[in-house]
Structure formats: structure tokens, C-alpha cells
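Respectively, the protein sequence lines represent chains Z and C. In terms of the numbering used here, the first sequence is residues 1 to 416. In terms of the numbering used here, the second sequence is residues 1001 to 1416. We put the CB at the ideal spot given by N, CA and C, even for glycine. If you're wondering where the values come from, they're calculated on a predicted model, not measured in any experiment.
There are 2 protein chains.
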Amino acid sequence: MSRAFFILLDGGADRPVRELYYKTPLEAAAKPMFDRLACEGSCGILYTIKPGVRPGSDTAHLALFGYDPHVYYKGRGPFEAVGLGLEVRPGDVAFRTNLGTVDENNIVIDRRAGRYFTQEEIKEIESIVQEACQEISKKFGVELVYKHGTEHRGALVLRGEKISHEVTGNDPHKTGVPQQKVTPLRDTEEARRTAEILNEFIELVMRKLSKARFNEERRKQGKPPANTMLIRGAGVLPEIEPITRRYKLRAAMIAGIALIKGIGKVLGFDLAEIPGYRGSRDDDFDTAFSKAVELLQSYDFVFLHVKPTDAYGHDGDARGKIEIIERVDKALKRVFENIPDDTYIVVTCDHATPVKIRDHTGDPVPFLMWGPDIPMDDVMKFCERECAKGYFGTILGLDVMNLICNYLGKLEKFGE
Amino acid sequence: MSRAFFILLDGGADRPVRELYYKTPLEAAAKPMFDRLACEGSCGILYTIKPGVRPGSDTAHLALFGYDPHVYYKGRGPFEAVGLGLEVRPGDVAFRTNLGTVDENNIVIDRRAGRYFTQEEIKEIESIVQEACQEISKKFGVELVYKHGTEHRGALVLRGEKISHEVTGNDPHKTGVPQQKVTPLRDTEEARRTAEILNEFIELVMRKLSKARFNEERRKQGKPPANTMLIRGAGVLPEIEPITRRYKLRAAMIAGIALIKGIGKVLGFDLAEIPGYRGSRDDDFDTAFSKAVELLQSYDFVFLHVKPTDAYGHDGDARGKIEIIERVDKALKRVFENIPDDTYIVVTCDHATPVKIRDHTGDPVPFLMWGPDIPMDDVMKFCERECAKGYFGTILGLDVMNLICNYLGKLEKFGE
């Protein structure tokens, strides 16, 4: 029985970078393992949604797992919440949250409030926010649940009658501009009420945070105070058939960030928790790859998500991106001999995050598949331009699971 | 801020031509500028509608501008009418018209009545047709508006209650066969009535033309008389969001023929009028390209339409097609240094018009994009077979605007 090992380099694709003499990070990186897979396997070029369309990581992953995001994507919030371990029930409205810093004129000056918090600070923050949740719950007769994640991140779930996900957040998505009000996106009672509840909740959280002891400490230490909560990504959980049933796979996932974990949980993946793997720049790829190889013994489909390639793209740091690609390549090399013989390896990206653009783009991304029955095409290198010449041609995100399951022998015939 | 310059070679793609030693006109033409853009940029292969589907110029342009013709295409007539400067209101039914020649047995012997008319002839024709319009308007209580364009071409608009675009024309689309009757395509009162009005109108026009002085003159000079009006392309205007709003672009168009101008106007392009640019074989490409470069100073998106490549395809004249490609290439070269630095140049075709077939085919056509962030792929030549090896892979017409706007930084993210 064959199995698949899917390695995803988040935002790994790029455009020619001047400081790399117009190579992309994937072209410039020394990555003998990925290039060996390209030599021995076949490649193609992939548009996760459609050519030119700029994907979010959420819509891109849904498409790569075979779920049309035009049908199944109803906001990022629920995936974040599920990924943090919160329960999200049908009808619940969930949000991604950031701790943020505003100045005395309500101008957002740091969308991450310095990013780093001690365990003690987080405890205090959680207790403050939970207090606010309870007060608002009492007043409006809805339930609010907050959970803090890593660094500045968290998730908020709103549960009850007459609520709606058709609201904006208060996050202006950039600094130097005022914090927004939560605003209904549709003129319905539910959307208006949800906006009202959230605006009051945010004001209350801000009042409580302004008086918090830990913020005094932060100010003294010259750190930006966490004096607001920026919410975004309002959404409800889609009704979705798990990947395990749709493709008859035992599926496991290794991911560091809540969004991807949440998508994994919602789709029925078993999640492997690795303490040193949190989607940060110092992620422990060796342990992650060892764990993946272990999981390949008992799962048909193991998905490993690499986050910091995207983070370095957002930072505009080409050297950082190269370093991550090289570390991932080494980690794969270290475990390569232990990968079961009948394994198909897939390597691709969910989108490009060009260091010049510092955001996701709709450029084509490289796609690679290696394994027992994959022909050896002429592509010798895993990178954007070379993969475009490969055997698989031009494919879309929604094609990927079909291609994988085709080689795993897991697909029903369409017709006879 | 970047901008895009879109050069479209209508019907420019082709099949291997025996007299060109099995090269296509694009392969055989000396076009150093286009080939330089191919060397420095990236290419792909494009199916405007879907592989194998034979596009009209109208459906192909709608798709290339991002509008699914299956949704937005409701006949060619309204675009022709708008392109000639006629007003087309919601509910109006519009037609493309030709002056034509039938013999005494009603057999069509020239679908263009010799193609060429003097200004005096056109004046007389317009006044005859407008007379007929008024008589028919009076009889049926509908409004008919005719406008003559260049050569044999014109447009007719029908306005009023209980009319329908679900009728055929009277144009048999070839010679040697009888002129048709306009026939309802659906069994509705509106379609039956529309057919009746138009058949009576055409008979009246024919009666008037048979007695016209200018036709006597033409017969004396051995020219085919313009003794009928062939109508086709019945349609109504689609409800359509302008390209300026959909893609947040300031858009300008340079085109010689009414159909493309009409599509441009309907989609909200600003049209640049160039006297020597009428879609004919002696089009003044130098002036058109100079104008395009001027427009690039103040527009995000400048579209330049090259018609005679298609005309030579319909005529089966490979050398003629090559000559146009080479003249366009030279015109681009002449202005190249004046194109703003941040410009993306796109070159493609709306369909192939192979000289052997003398009509549009559903073959793949070459696609090229050149500009600041476009990687340099291995393709060294702008032509059908080479572009198929390019970085952009295989794309559809509907992808083109997304790809352009992706590089212009004009697209919202789908998801987060």
C-alpha cells in the first residue's frame, strides 16, 4: 500500500530578487534533497486558486486539500479558534485576535504589541479578557470565549441567538491609522447586534487593559503596552466532509500555527503536537521530519506545514527565506532513508510571498511529485521556472488531491 | 505605480504553413522587438475560451477582459452599434449589417457588395436606409436607427415594445446560396414580431436600393451593386460592470473596428480616436503606438488592437500576415524607449486565424508578459510553439486580467 508525504513551503515561491542576482530564493538556495526529488520525479506549475488570483493561506490550503474555497470558505476565524483548541459549533461566529497597541488618539502603532509576552503576562491577559467576556455575556445573553495562543495571537468565539459573521473587524490591517469600529457588512438585525456586542466588548477589554499591572511593567521596560484587542476574520464553520472520508485516507498533520492546525482538525486530520514546532523562525525541523516519518508508518497521508518561509517573505528577507529552505532540505535529507519505500513525496507552496512585495501574490508556484510510479521528467531543480517545464504541466490547487490519490490508487473511476 | 500595455494581434496565431516551410507566420516573421520581450519576460500558452473552442473576436475579447462570455455575451450587434456611436439602451435589439449583392434569383453573390464605397455613395445609402427606417417605424410603432460605418459595414438598432433578440439574420454567411428570411429562434410573440418587422424592413430597403441612382453608376463601372442589407448578430446589451470599476483601472483603448471599440465603450474604456487607424491593411501603426505611449502616462491599462493580422488570415495570405506582424514590431521598437519604466507589456492573440482555414480556430495562442517583476524564462521567441514552454504554463482567457492585475498590485486577496 502506498502513502503520501506532502511538504508545504508556505509562501515559498517568489519573484527574481535583485540581491540574489535575479534568482528567486528557491533558485538560490542550496537544496540538494529537493533537487534530487525533482531529478527523479516529475514537476509542474501550480495556481492554487486560479492564475493571478492572490490566495490567503486559508483559501489556498482548502483548495490544496480538495475543497473549493468558493464553496467552503466562510472566514478565517473558526479555523484559528479550532486550531487553538476552542470548540466551534455550527452557528458560532469566530474571530482571529491580536493584542495590539494604540496611542492616546486611538491610532494603531503596533498590530502585535511587541509580539513577545511572558507566561505571566499571558496569564494576566487571559484572566482580564475572560472577565470582559463574562460581563458582556451577561449583558447581551450571548456566550463569549477567548483563548490566547502564541505571542500576540488569540481567538474569540461568539455563541448565541441572533448573531452573524457578516461584520468587519476593528483591525485596520496597518499601522498609523485609527483603530476601526466593528461594522455590519449587511443591513440585518443579526449583523448590527453582533457589531454592537463586539464594539462594547473591545471597549471593555481596552478599559481593563489600560489599568493592568503588566502593562505598567511593559511601559517601564520600554515595551509597547498591549492596550487593545484587534479582531478580524469573522467567520462560521463550513459544513464540510472530512478529508479522511472524502478521499478514504488516514490523514495526519504537522503544523505550527493555529490557522493550519484548525483547517486540519476541521478536515479530520490527526494532529501531531511538537513542542518546538510553532511556526516560528527557530522551528525544529529535524524533530518535525522525524515525526513525519514515524507517522508514515501508520497513515496514508502525512502533511507537513513549513511556516517561516512565508514569514520571511512578509519581512522582505530573501536570505532568511533561503536559510529556511536549506534547513528544511537538510531535515528531509536526514530522514530520507527511513521513509517507507512506497511513499510518494509532494512538495509545493500555497502561494508566492515575494520578498519585494511582502505579501501573497497570484504568481505560479512550483509543484513536485516523486515516488514509485512517477516518471522522471527533464526538470532537474525544484524552483519556479524549471518546474513550469515539467510533466504535470499547469495544474490548479483543486487538482492536487486528485493527483495524489490517483497515484495512491484511492480514486473511484468516473464512469466505467 | 505600475501600468500595463496590452498589445493584441487579432487572429495572429496560426498553423504551420507549407509555403513558409511549415513555419507559422509568427515563427517566420522578423520581429526582433517581440522576441526581445520574450527573451526578457515570460511566456505561456493561452486558450481564450477553452482548448479547442473556436472563439469569435467578441467572445474572445470579453474573456480576455475578464468577463465570462457564457454569462455576458448576448450577441455581437450591440457592440457593433455602440462602436459606431449609436446609442443602445437596455432592451434594444441591435444588429451588425453589411451591404450585399444578390442576383435576380435572390442568390447572394457578394456579402460585401464590392467592399468599397465613395463618400457620396454612403450618403445616398444612409438617406435611403433612414427613409426605410421611418416607414417601418410608423407602421409597427417601433423605432429603427441605422448608421453606416466603414466600407460595407453598418449597424441597426431596433427599439420599442415586444421585440426580441432571439431571431436569426438574413445573412447566409456564404455566397452562392439564397439570402435567408429573418426567422424567430423561439416561439414567442416577441420573436415572431421582430422577424416580421425585419423582413419587411429588408424588403423595403431592397426595393429602394434597386431604384437608387448610385447603383446604376456602380453597374456601369462594373462594380457589384449594393442591392440588399445583410443583417446578423442580433443581440441585447449585457448588464456589465465596467472594467474600470471591477479592476480599479483607468483604462484606454486604441482600436480600428467598431466591434472592438463597442466592447471597449461598453466596458468603460476611454477610446482614443486615430484617423489613420481603421482596422485596415494600411493602418498607421506608428501613430497608434505613439498614442499608446502617450496614454500610458495617465492610464493604468492601455489596450491596443491590431486587426489586419486577422484579415490576412481570413484571406489565406501568410505573407500579408507576416508583413503586418513585422510592421507592428517596428512600430513598437520605435516607441520602446519612451515607454514608462514601470510598464508591464502583454502580447497575445484573441484566437488563431490560420491562413489555411481562413477562419477562427480553437488552437492555443502564444502569451507573453514582460515587465519589472516578471522572471526571465527560457522562451526566446514570441510564437506558438516556443511560448508553450514558458513560465506561465497553460492559461485561459479569463485568467489574463487577474494575472495583469496581480503584477499591477491591484487585486484583493481571496482569504487571509
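- When DSSP states are grouped into helix, strand and coil, LEU1408(C) belongs to the helix group.
- Using beta-carbon distances, ARG385(Z) counts as an interface residue toward chain C, with a partner under 7 Å.
- Counting along the chain, VAL1017(C) sits inside no beta strand (DSSP E), nor does DSSP assign it H or E at all.
- Residue environment analysis places THR1118(C) among the exposed positions, since fewer than 16 neighbouring C-beta atoms fall within 10 angstroms of its C-beta.
- In the three-state reduction of the DSSP assignment, PRO178(Z) falls in the strand class, which pools E and B.
- Boundaries cannot be given for ILE1357(C), as no beta strand (DSSP E) includes it and DSSP labels it neither H nor E.
- The criterion of a C-beta distance shorter than 7 Å is satisfied by SER137(Z) and GLU143(Z).
- The DSSP-derived three-state label of ARG246(Z) is helix.
- Look at the beta carbons and you see the segment 1284 to 1301 of chain C touching the segment 1326 to 1340 of chain C: at least three pairs across the two are nearer than 8 Å.
- For LEU1368(C), no Cβ of chain Z is located within less than 7 Å of the residue's own Cβ.
- The residues PRO225, in chain order, have a CB closer than 6 Å to that of ASN215(Z) in the same chain once the five nearest residues on each side in sequence are set aside.
- A distance below 8 Å between beta-carbons, with the five flanking residues on each side excluded, links GLY262(Z) to the following residues of its chain, in chain order: PRO78, PHE79, GLU80, ALA81, VAL82, GLY83, LEU84.
- Here LYS265(Z) is buried, its C-beta having at least 16 other C-beta atoms within 10 Å.
- Counting C-beta pairs closer than 8 Å gives three or more between the segment 1011 to 1018 of chain C and the segment 1343 to 1353 of chain C, which meets the contact rule.
- Between GLY397(Z) and LEU8(Z), the beta carbon gap of about 11 Å keeps them out of contact (Cβ cut-off 8 Å).
- Residue-level contact by beta carbon holds for ILE45(Z) and chain C, with a gap shorter than 7 Å.
- When DSSP reads this structure, LEU271(Z) sits in a beta bridge with MET253(Z).
- Residues of chain Z with a Cβ closer than 8 Å to the Cβ of ILE1395(C) are, in chain order, PRO51, THR394.
- If you draw a straight line from the Cα of LYS139(Z) to the Cα of ILE197(Z), it comes to about 9 Å.
- Pairwise C-beta distances place the segment 247 to 256 of chain Z in contact with the segment 300 to 315 of chain Z, as three or more of them are shorter than 8 Å.
- Proximity to PRO32(Z) across ARG245(Z), VAL328(Z), PRO16(Z), PHE392(Z) peaks at VAL328(Z), based on C-alpha coordinates.
- Contact with chain Z is found for LYS1413(C), since one of that chain's Cβ atoms lies less than 7 Å from the residue's Cβ.
- For ASP350(Z), there are no neighbours in chain C by C-beta distance under 9 Å, as the nearest C-beta there is about 10 Å away.
- Take the alpha-carbon of PHE201(Z) and the one of ILE163(Z): they are about 14 Å apart.
- By the Cβ criterion, the segment 149 to 162 of chain Z is not in contact with the segment 171 to 178 of chain Z, since fewer than three pairs of Cβ atoms, one from each stretch, lie closer than 8 Å.
- Taking 7 Å as the cut-off, the Cβ atoms of ALA1318(C) and VAL1293(C) do not count as close.
- Taking the Cα positions, PHE1006(C) is about 40 Å away from HIS165(Z).
- With respect to chain Z, the C-beta atom of ASP1399(C) has a partner C-beta closer than 7 Å.
- Taking 8 Å as the cut-off between beta carbons, the residues of the segment 10 to 26 of chain Z near chain C are ARG15, PRO16, TYR22, THR24, in sequence order.
- As a beta-bridge residue in DSSP terms, ASN1098(C) pairs with ARG1153(C), LEU1230(C).
- Between GLU1416(C) and chain Z, the shortest Cβ-Cβ separation is below 7 Å.
- HIS360(Z) reaches chain C at LYS1413, counting residues in chain order whose Cβ is nearer than 7 Å.
- Scanning LYS1147(C), GLY1044(C), TYR1407(C) for the CA closest to the CA of HIS360(Z) turns up TYR1407(C).
- Counting C-beta pairs with one atom in each stretch, the segment 25 to 45 of chain Z and the segment 365 to 380 of chain Z have three or more that are closer than 8 Å, which means they touch.
- Counting other Cβ atoms within 10 Å of its Cβ, TYR1146(C) reaches 16 or more and is therefore classed as buried.
- Interface criterion not met: the Cβ of LEU1064(C) is under 7 Å from no Cβ in chain Z.
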